[in-house]
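Enquirer: Chains as they are written, first to last, in the working numbering: chain A, 5 to 146; chain B, 3 to 383.
Glycine residues also receive a C-beta, built at the ideal position from the N, C-alpha and C atoms.
A quick note: this is a predicted structure, and the numbers were derived from the prediction, not measured.
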Amino acid sequence: MAEQEAAKGPLPIVPFLKIPAAGSPHLEAQRCKGCGAIFLGERSNCSKCGARDALEAFPLSSRGHLYVYSIVHRSFPGIEVPYISCIVDLEGGGTVKGNLIGIEPDPAKIKMGMPVETVFKIAPRKDAAGSEYLTYYFQPRP
Amino acid sequence: MGDVYILGVDMIKFGRFPEKSVPQLGAQAALMALDDAGLKIQDMEALYCGNLYQASGMVGQRVLHEIGQTGVPVVNCANACATGATAFREAWMAIKAGAYDLVLAVGVEQMGKGLIGGGGAGRTGIPTEGLLGSGTMPTVFAEAGMEHSRKYGTSFEQFAKVSVKNHHHSTLNPKAMYQIETPLEMVMNAEMISYPNTKLMCSVNVDGSAAAVLCSEKKARELGMKRAVRVKASVLTSDPWTDRDLVMPDVNTCTRRAAAKAYEMAGISAKDLDLVELHDCFATAEILHYENLGLCGEGEAGRAIDEGWTALGGRIPVNVSGGLLSKGHPLGATGIANLYEVSTHLRGEAGKRQVPNARFGMTHVIGLGSACAIHVLEKVA
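1. Within 9 Å (strictly less), CB to CB, does Gly117/A reach chain B?
2. Sort Gly120/B, Ala99/B, Gly210/B, Ala87/B by Cα distance to Lys101/A and report the nearest one.
3. By the three-class DSSP mapping on this structure, what secondary structure does Met5/A have?
4. Quick check on the burial criterion: 16 or more other C-beta atoms within 10 angstroms. Buried or exposed for Ile338/B?
5. Among the residues of its own chain, which have a CB less than 6 Å from the CB of Ala264/B, if the five just before and after it don't count?
6. For a minimum of 3 consecutive residues, which ranges assigned as the beta strand (DSSP E) are wholly contained in the segment 191-259 of chain B?
7. Can you say whether Gly158/A is buried or exposed, counting buried as having 16 or more other CB atoms within 10 angstroms of its CB?
8. Could you tell me whether the Cβ atoms of His331/B and Asn175/B are closer together than 9 Å?
9. Consult DSSP for Ser2/A and reduce its assignment to one of helix, strand or coil.
10. Pull up the distance between the alpha-carbon of Met139/B and that of Glu224/B, whole angstroms please.
11. Mapping the DSSP letters down to three states, classify Leu41/B as helix, strand or coil.
12. Between Gly296/B and the rest of its own chain, which residues show a CB-CB distance below 8 Å, the 5 nearest in sequence each way excluded?
13. Which of the three DSSP states is assigned to Tyr52/A in this structure?
14. Is any beta-carbon of chain B found at less than 9 Å from that of Leu15/A?
15. Kindly indicate which residue of Thr312/B, Leu341/B, Val164/B, Glu302/B has the alpha-carbon position closest to the one of Leu216/B.
16. Since Arg152/B meets chain A, which of its residues come closer than 8 Å, beta carbon to beta carbon?
17. Enumerated in chain order, which unbroken segments of the alpha helix (DSSP H) with a length of 4 residues or greater are wholly contained in the segment 275-350 of chain B?
18. Would you say Val249/B reaches chain A, if we count a Cβ-Cβ gap shorter than 9 Å as a contact?
19. For the segment 111-142 of chain A, which residues have a CB atom closer than 9 Å to at least one CB atom of chain B, in sequence order?
20. Would Lys52/A and Trp243/B qualify as a contact pair, given that the criterion is a beta-carbon distance under 9 Å?
21. Find out if the Cβ-Cβ distance for the pair Pro144/A, Pro111/A is shorter than 9 Å.
22. For Pro198/B, count neighbouring C-beta atoms within 10 Å of its own C-beta (all shown protein chains included) and say buried if the count is 16 or more, exposed if not.
23. Since Asn321/B contacts Glu279/B with CB under 8 Å, what's their CB separation in whole angstroms?
24. Measuring alpha carbon to alpha carbon, tell me which residue in Ala335/B, Gly315/B, Arg361/B, Phe362/B is nearest Arg355/B.
25. What are the residues in the segment 77-90 of chain A lying within 9 Å of chain B by C-beta distance?
26. By the 10 Å Cβ neighbour count, where 16 or more other Cβ atoms means buried, how is Ser372/B classified, buried or exposed?
27. What in chain A is Cβ-close to Ala279/B, meaning under 8 Å?
28. For the segment 74-98 of chain B, list the beta strand (DSSP E) runs that are entirely contained and at least 3 residues long, ordered along the chain.
29. Give the straight-line distance between the Cα atoms of Gln71/B and Met46/B, rounded to the nearest whole angstrom.
30. Would you list, in chain order, the members of the segment 36-50 of chain A that have their beta-carbon closer than 7 Å to a beta-carbon of chain B?
31. For chain B, is any of its Cβ atoms less than 9 Å away from the one on Gly102/A?
32. Which runs of the beta strand (DSSP E) at least 3 residues long sit entirely within the segment 8-70 of chain A? Give them in chain order.
33. Once DSSP output is grouped into helix, strand and coil, what is the label at Asn103/A?
34. Please decide whether Lys22/A counts as near chain B, where near means a Cβ-Cβ distance under 9 Å.
35. Tell me the rounded alpha-carbon separation between Gly109/B and Gly28/B.
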C-alpha cells in the first residue's frame, strides 16, 4: 500500500471552514429558506421546520460577541491547558464554538458579551500523512 | 385504565467493582428488587434493561442468564444518561397498555475513570478537542452554567455550594459512593477541571445498578399495597430545535417541556412536591434545573442555594441521596437509582435522611443528545 502523501495546501479543520482559491478563508453556514434557522455544515433538511432541500449556504460574519465560556484546566494527554472554550454569537446570525485567544484565561478578565472576531491560523497538529490544517480562533476586538 | 405501581425497588451500594461483569451487577439489583417485592423472577412477565456502554451486548438477557432464563420478552434500552429512566418508562408503558401485570426494570453500568466526551476525532483529519473549544462534559455543563451567570450573576461560590450540600446529604446515605463532608473552601480549592466546575463539582464515575418491580393496579390490590408507590407521571422528551443547540447542548428546554407535562399528568404543581432527585451531573447543572423544574422562580436559583431551600430540612429538598455528585453516576443505573431514593422516602424508610411526611416526589434525568425523563411518584398508604 502506498503511503499517504501530505496535502499541498492546508486542509479545513471542519467542513464549514471554507478556503476559497481566491479570497480569504471564512466560515460558512446554511440557512433555511422556510423558517430562517441557521446550521453549521451542509445538510439536506431543516431540523427546525422540516423543510426539505430548502437550505442555502451563506458566509458567516467574522465579527461577533462572546456569549459564554469555560476555562479548561483538565483535558486529554497532549492538549495544552489552560485554554478558553467559548461560544460566540456572530453578527447577522449563527453561533459557533471555538477557542478564545489573546486574553488571559482569568474569569476576572473575560467579560461575557465582549466583542470578538474570527482569526484563521495553521493548527498546531498535523494528520498521519503530515497534512497541515487551517483552523479558526476567536480573539477580542476593539 | 388503572395506575402503575412500584412494588419493589432497590439499588446496590455504588462503587468500583472491576471484578464483576455488567450482567452480574445488574443481577444483584434485580434480585434485591424482587426480594423487596416478595416476588420471584418467575413472576415477571417482561424485562426492560437499561445499559449504555454495552448497548449492543444483550445485557438484559445476560442478566436473566444470571438469575433465571424464563423466556420472557426482554428489551434493551440505551438513551444516554436517561437510559435507566427510559427502561423504567418502557416497563410502565407496557403495563399501562395492559400487556402485562408484573414487569422488571433494571439499570446497570460499569464506568471507567476520567473525562467523558470530547475525545473523538472530527469528521476531518485531526482531533478538534482543545482547538475548537472543548466537548468534555465538565466544559459543556460549565458553559451551560455560565449562561445562568450571564443572565443572573450566579457566582462560582453559589455553584460550589451545590456540591457542599449534596456531599453533606451523602453522609446520611450508606449506599452512596462517598460519605464525606466537603466544606466550601475544599470544593472551591479542589482541582479546577473546567471553570467554574472543580473536581468536587463533577459527578463521580462509579459502577452501579438499580432495579424496580412495576405492577398493574389490579395486581397491586391482589398482592397488597402496603409498601407500593404510585407512578403519577412518566414523561420523556427529546431536544426540540433551539438557537444555539448545535454548539451548546440545551439542557433547559427539554427539561422544561418534560416538567410541564409531568405536572399536568400528575395533577399537581411544584409546590406539592416534598423532594426531588434531579440530574446534578455537574454542580452547575443543579442550579439550572431548580428553575427548569419550577422549584423556584426565574433567576432565584442562586438565592435558593444560598438560603438552603433545597437542603434536607429546607422547603424543597433536592438530591438528599447525595446526588450524582456524591452518590455517583453509573449512567444506565442512575434513572432507577433516583426512583429508588424517592420511593424510599415515600415509604418512610430513608432513615437519617428521611424527608418527613413525604407524599409526592419527582425524579429527573437528562442525557445529552438529548433525552429528558421525569417521573412523579406518590405515597399510597
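Expert: Taking the structure as given:
1. What you label residue 117/A is simply residue 113 of the first sequence in a count that begins at 1. True, the Cβ-Cβ gap to chain B drops below 9 Å.
2. Your numbering for residue 101/A matches position 97 in the first sequence. Answer by Cα proximity: Gly120/B.
3. Stepping through the first sequence from its first residue, residue 5/A is reached at position 1. Because Met5/A sits at a pLDDT of 43, beneath the cut-off of 50, its placement in the model cannot be relied upon, and the following sentence gives the value as read from the coordinates. It is coil, neither helix nor strand.
4. Looking up residue 338/B in the second sequence gives position 336. Counting Cβ neighbours within 10 Å, Ile338/B comes out buried, since at least 16 surround it.
5. Taking the first residue of the second sequence as 1, we reach residue 264/B at position 262. Cβ neighbours of Ala264/B beyond the five flanking positions: Ala235, Val237, Ile376, Val378.
6. Within the segment 191-259 of chain B, the complete beta strand (DSSP E) runs of at least 3 residues are 194-196, 210-218, 231-240.
7. Here chain A has residues from 5 to 146 only, and residue 158/A is not among them.
8. Mapped onto the second sequence, residue 331/B falls at position 329. Mapped onto the second sequence, residue 175/B falls at position 173. With a cutoff of 9 Å on beta-carbon distance, His331/B and Asn175/B are scored as not near each other.
9. No answer is possible for residue 2/A: it lies beyond the span of chain A, which begins at 5 and ends at 146.
10. The count along the second sequence starts at 1 and reaches residue 139/B at position 137. The count along the second sequence starts at 1 and reaches residue 224/B at position 222. For the pair Met139/B and Glu224/B, the Cα-to-Cα distance works out to about 46 Å.
11. Taking the second sequence and counting its residues from 1, the one referred to as residue 41/B is at position 39. Coil.
12. As a position in the second sequence, residue 296/B is number 294, starting the count at 1. For Gly296/B, where only same-chain residues beyond five positions count, the Cβ hits under 8 Å are Ala261, Tyr265, Ser271, Ala272.
13. Taking the first sequence and counting its residues from 1, the one referred to as residue 52/A is at position 48. Correcting the residue type first, residue 52/A is Lys in the shown sequence and not Tyr. In the structure shown, Lys52/A falls within a coil segment according to DSSP collapsed to helix, strand and coil.
14. For the purposes of this step, residue 15/A is taken as the residue at position 11 of the first sequence. Chain B, which has a Cβ nearer than 9 Å to the Cβ of Leu15/A, makes this yes.
15. On the second sequence, position 214 is the one that residue 216/B refers to. In terms of Cα proximity to Leu216/B, the closest of Thr312/B, Leu341/B, Val164/B, Glu302/B is Leu341/B.
16. In the second sequence, counting from the first residue as 1, residue 152/B sits at position 150. Within chain A, the residues whose beta carbon sits less than 8 Å from that of Arg152/B are Tyr71, Val72, Met116, Gly117, listed in sequence order.
17. DSSP runs (the alpha helix (DSSP H)) wholly in the segment 275-350 of chain B: 285-294, 303-308, 325-328, 333-348.
18. One-based indexing of the second sequence puts residue 249/B at position 247. True, the Cβ-Cβ gap to chain A drops below 9 Å.
19. Answer set for the segment 111-142 of chain A: Pro111, Met116, Gly117, Ala127, Pro128, Arg129, Lys130, Asp131, Ala132, Ala133, Ser135, Tyr137, Thr139, Tyr140, Tyr141.
20. If you number the first sequence from 1, residue 52/A lands on position 48. If you number the second sequence from 1, residue 243/B lands on position 241. Contact flag set, yes.
21. Here the question's residue 144/A lines up with position 140 in the first sequence. Here the question's residue 111/A lines up with position 107 in the first sequence. No, they are not a contact pair.
22. Numbered from its first residue, the second sequence carries residue 198/B at position 196. Looking at its Cβ environment, which holds 16 or more other Cβ atoms inside 10 Å, Pro198/B is buried.
23. Counted from its first residue, the second sequence places residue 321/B at position 319. Counted from its first residue, the second sequence places residue 279/B at position 277. Yes, Asn321/B and Glu279/B are in contact; Cβ-Cβ is about 6 Å, under 8 Å.
24. One-based indexing of the second sequence puts residue 355/B at position 353. Cα-wise, what sits closest to Arg355/B is Gly315/B.
25. Listed by position, the residues of the segment 77-90 of chain A near chain B (Cβ gap below 9 Å) are His77, Arg78, Ser79, Phe80, Gly82, Ile83, Glu84, Val85, Pro86, Tyr87, Ile88, Ser89, Cys90.
26. Translated into positions along the second sequence, residue 372/B becomes position 370. Buried is the call here.
27. To locate residue 279/B, count along the second sequence from 1; it is residue 277. It should be noted that the sequence gives Glu, not Ala, for residue 279/B. By Cβ distance, chain A contributes nothing, its closest Cβ being about 26 Å from Glu279/B, past 8 Å.
28. Along the segment 74-98 of chain B, the beta strand (DSSP E) occurs as fully enclosed runs of 3 or more residues at 76-79, listed in sequence order.
29. By 1-based counting over the second sequence, the position of residue 71/B is 69. By 1-based counting over the second sequence, the position of residue 46/B is 44. Note on geometry: alpha-carbon atoms of Gln71/B and Met46/B lie some 11 Å from one another.
30. Residues Ala41, Phe43, Leu44.
31. Here the question's residue 102/A lines up with position 98 in the first sequence. Cβ-Cβ to chain B under 9 Å: yes for Gly102/A.
32. Within the segment 8-70 of chain A, the complete beta strand (DSSP E) runs of at least 3 residues are 30-36, 42-44, 59-63.
33. Against the first sequence, residue 103/A aligns to sequence position 99. Annotated three-state conformation of Asn103/A is strand, per DSSP.
34. Mapped onto the first sequence, residue 22/A falls at position 18. Cβ-Cβ to chain B under 9 Å: no for Lys22/A.
35. Counted from its first residue, the second sequence places residue 109/B at position 107. Counted from its first residue, the second sequence places residue 28/B at position 26. If you take the alpha carbons of Gly109/B and Gly28/B, they lie about 7 Å apart.
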